[in-house]
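A.B. asks: Can you read through this structure? Questions will come right after.
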Amino acid sequence: MAKANIINKLFAAGPLILLYYLSISEMDTNLEKLIEVFSINLQIIIIYFWIIKRPNLMGTGHIFFAGLINDVVMGFPLGISSLSYLVVCFVGNYVRNKSVNTTIASDWFTFLIALLFANLLFFSLLNNFSEVAISYAKIGYNTFFTLFLFPVFWLLFNLYQMSFIGSQDA
Amino acid sequence: MSVSRDDFSIAFRSALLQRGASQKFSIFSLIVVALVVFFLDVYGFTVVKTARSFINDIVYRVTYLASAPTRIFPGINEAIASHFNLKKENEELRQVIERYKSLDLNLEYISNENKNLKKVLDTESVKSVSNIVLAKVLVDRNSPFLKSIIINKGSKEGIIKGMPVTQNKYLVGRIVETNYLSSRVLLLNDLNSRIPVTFDEKSTQAILTGGGTRKPTLTYLPEDYEFEDDVTVFASGKDGIFNAGTPIGKTKYTGEVELFVDPNQLSFVTVNLIKPSKEIF
C-alpha cells in the first residue's frame, strides 16, 4: 500500500520533474541541427496543460523557481522566464475559472492567447531593458512551432494523466 | 451586462490572487518578486551581481551533472551501432589499407615532414602556454535565441570579459560573463557577435556578423564586392580584442563563412589570457 502510494506520488510529480529537468539540463527542445528554424518552448506547454488540468501538481513557486534556473542556464536576465511562465499560469488559471469543461480545441485556442502574452512580455522586456539582441524571425518560428505542436503534447500529457494520475479534470 | 463584468472581475482576481493547497504563493506576489529580481539584475547592483555569480557557478555544475544522460545515451547508441557494423567496417578498412599500401612510396617522406612540423608547432605552443587556459565545456545548451557555451574556468584563473576563446588556434568566440569558477562564451554565430575580419589577397576589411544561424555572414564590405569560395577569413585585430591573424573560417560565394570549428561540437577550448585593450559591454 505504502509502495503504491510512493509510485503514485512519483507519477504525480512527473510533470514538475520534467519542467525542472528541461530548465536545468542541456536537453534541447530545438532541433536546429536538423531543421535550422525549428525550436519549441516545451516548458510553456507543460505549464499551461497542467495548470488547466491539474493545478495541484504544478505549484506556482516551483514554476517561478524553474524560470529562474532557466534564465541562469540560458544567460537571460534573472526573472524574465519566471515572468513569462507566470503569465501563462495566470491565463491558465483564468481559463480554468471561466470554463466548465475543456476540449483540445478550446485549450489550443486559449493557449494561443497565453503564448502571445508570455512571449510579448518576454521579448519586450528583453528588448527594452537588456543588451541581448534577439532575432525576430526566431521568435516567430518558436511561437509558431510551439503553438503548432501543442495538440501533440496535449494528447501525450492527457494520455499520461489518464494512465498514471487519473482521468478526472480539475 | 453587469453580471458578466462581475464574472470577469471575479475570475480575473481569482486567477491572480487565489492560493490553494499546493499553490502557496499567489501569482500576483510571484510576478512582483520576479519583476524586482529582473530589475535588480538588469541595473546591475553589486550585491545582485555577486549573488548571480554564485548562483551561476552552482547551477552550471548541477546542469553538467543533470545533462549526463543526454551525453551518455548518444554514446551508447553509437557503440551499439558500431558493434553491429563491425564486419562491414572490417571490409572497408581492408580496402583502405590496400589503397594506402599503393601510396606507400610517399608515406615515409610525408610522415617525416609531418613529425618535423609537429615539433615546430609544439615549440610554438610551449612559448605561449603560460598565456592560455584550457577549459572544458560544461554546458552547450542549444538555445534558439542565444548561441553560447559555459566553460569550467572563471575569474579564479584570471579570465575576464572580452578574452578571445579558441580551439586548435581557430577562433570560437569571446568571454561575455565571468563567475568565480565558470564563464560564458559568446559564439561567433550568435546574433550579438560582431568581429572585424580581414581576408583575400587585397586584405579586404569586413565585419563578421552572427545571425543566430550556423554560418555568420560578412558585412560592411566594399561596394560591389564579389565573393569567392574557400578564401580564409582571419581576425583583423582592429577591435583590440582578438589577435590579428587568428583564422576563423572559409568564405562561401553567398557571403557566409563556414567556420573552422563547429560551434555545436565543442568539448575543450582555450581561453587566451590577453587583456582586451578596450572595455567591452
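Residue numbers (this note's numbering), protein chains in the order written: chain A, 1 to 170; chain B, 171 to 451. In this text, a Cβ means the ideal position worked out from N, Cα and C, and glycines have one as well.
1. Compute the Euclidean distance between the alpha carbons of A/Asn-101 and B/Thr-383, then round it to the nearest angstrom.
2. With H, G and I counted as helix, E and B as strand and the rest as coil, what does DSSP make of B/Ile-365?
3. Where B/Pro-366 and B/Lys-420 are concerned, what is the direct C-alpha to C-alpha distance, given to the nearest angstrom?
4. Under a CB-based cut-off of 9 Å, is B/Val-207 close to chain A?
5. To which residues does DSSP link B/Lys-420 through a beta bridge?
6. For B/Ser-454 versus B/Lys-306, is the C-beta spacing smaller than 9 Å?
7. Closest by CA to A/Asn-93, which one among B/Leu-351, B/Asn-434, B/Gln-188, B/Ala-238?
8. Using 8 Å for Cβ pairs, my map puts B/Val-202 next to A/Pro-77. What's the rounded Cβ distance?
9. So, using beta-carbon positions, are A/Asn-97 and B/Ala-185 closer together than 9 Å?
10. Which residues in chain B have a C-beta closer than 8 Å to the C-beta of A/Ala-133? List them in chain order.
11. Closer than 7 Å between beta carbons: that is the criterion. Which residues of the stretch 84-99 of chain A meet it against chain E?
12. Under three-state DSSP, which class holds B/Ala-305?
13. Does the CB of A/Lys-138 have a neighbour CB from chain B at under 9 Å?
14. Apart from the five residues on each side of it in sequence, which residues of its chain come closer than 6 Å, Cβ to Cβ, to B/Val-207?
15. Does A/Leu-159 pass the burial test, meaning 16 or more other C-beta atoms within 10 Å, or should it be called exposed?
16. If we cut at 9 Å on Cβ distances, does A/Met-74 have a partner in chain B?
17. How about B/Gly-332 and B/Pro-433: do their beta carbons lie closer than 9 Å?
18. Return no unless some Cβ of chain B is closer than 9 Å to the Cβ of A/Pro-15.
19. Quick one: grab the DSSP three-state call for B/Ile-320.
20. Is B/Phe-215 close to chain A? Criterion is C-beta to C-beta, closer than 9 Å.
21. Identify the contact partners of B/Thr-233 in chain A, using a Cβ-Cβ distance below 8 Å as the criterion.
22. Let me confirm a value: B/Leu-263 is counted as buried when at least 16 other C-beta atoms fall within 10 Å, else exposed. Which label applies?
23. Using a Cβ-Cβ cutoff of 8 Å, what residues of the stretch 110-131 of chain A are near chain B? List them in chain order.
24. State the start and end residues of the unbroken beta strand (DSSP E) segment that holds A/Phe-38.
25. So who's on the other strand from B/Ala-376, going by DSSP bridges?
26. Check whether the Cβ of B/Leu-436 lies closer than 9 Å to any Cβ atom in chain A.
27. Locate the alpha helix (DSSP H) running through B/Arg-231, then write down its first and last residues.
28. B/Ile-329: which of B/Thr-336, B/Lys-317, B/Ser-352 sits nearest, CA to CA?
29. B/Gln-337 and B/Val-441 look like a contact to me (Cβ under 8 Å); what is the Cβ gap, rounded to whole Å?
30. Is there at least one Cβ from chain B nearer than 9 Å to A/Phe-150's Cβ?
31. Grouping DSSP H, G and I as helix and E and B as strand, with all else coil, what is B/Tyr-340?
32. Express the C-alpha separation of B/Tyr-230 and B/Lys-326 in angstroms, rounding to a whole number.
C.D. replies: In terms of the structure at hand:
1. 43 Å
2. strand
3. 15 Å
4. yes
5. B/Thr-402, B/Glu-428
6. Past the boundaries of the shown model lies residue 454 of chain B; chain B is included only from 171 to 451, so the question cannot be answered.
7. B/Gln-188
8. The pair is not a contact, with the Cβ atoms about 16 Å apart (cut-off 8 Å).
9. yes
10. Leu-361, Asn-362
11. Absence of chain E from the displayed structure is noted, the protein chains being A and B.
12. strand
13. yes
14. none
15. exposed
16. yes
17. no
18. no
19. strand
20. no
21. Ile-24, Ser-25, Glu-26, Val-73
22. exposed
23. Leu-125, Phe-129, Ser-130, Glu-131
24. It is not in any beta strand (DSSP E) - A/Phe-38 carries neither H nor E in the DSSP assignment.
25. B/Val-367
26. no
27. 216-236
28. B/Ser-352
29. About 11 Å; that fails the 8 Å criterion.
30. no
31. strand
32. 16 Å
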